[in-house]
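Written out below as structure tokens is the structure these notes cover.
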Amino acid sequence: MAKTWLFTLLVFTSLSAWASKDPTAPLGWQQPNQATAIPKVVTKPLPRLQSIVCSEVVKCRAILSGKVVLAGESVSGYRVNRIEPEVVTLSRSGKQWKLELFTLDVKQ
Numbered sequence: 005m006a007k008t009w010l011f012t013l014l015v016f017t018s019l020s021a022w023a024s025k026d027p028t029a030p031l032g033w034q035q036p037n038q039a040t041a042i043p044k045v046v047t048k049p050l051p052r053l054q055s056i057v058c059s060e061v062v063k064c065r066a067i068l069s070g071k072v073v074l075a076g077e078s079v080s081g082y083r084v085n086r087i088e089p090e091v092v093t094l095s096r097s098g099k100q101w102k103l104e105l106f107t108l109d110v111k112q
């Protein structure tokens, strides 16, 4: 009885080892190691500053990439920290950007 059980165990073990190999693979071929997936860093483009509108009654508003925003709102994953008459300050992931409507160095 023990011999029969041992023989059955041996047959199943050899069958499982044979079934784990690809019978259509070329001789001597080994399966390549699986590389770990490297997470992709997604970078979103910086919004384009199109206009800044300020008045005495209402806070300054800016148009960034076609959207009207106030300070504290977000656009394209960037948070609008501050809107001044000529500069909009954005932040994302601990970094800050200052978008200027016009360059200060105007050459004539």
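Residue numbers for the sequence shown follow the numbering used here, beginning at 5 and rising by one. Even glycine gets a Cβ: it sits at the ideal position worked out from N, Cα and C.
In this structure, DSSP gives T28 a state outside helix and strand, which the three-state scheme calls coil. Look at W101 here: in three-state DSSP terms it is strand. DSSP places S95 inside the beta strand (DSSP E), whose first and last residues are 91-96. Under the three-pair Cβ rule at 8 Å, the region 60-71 does not count as touching the region 32-39. Across the set Y82, A39, E104, the C-alpha of E104 shows the shortest separation from the C-alpha of E90.
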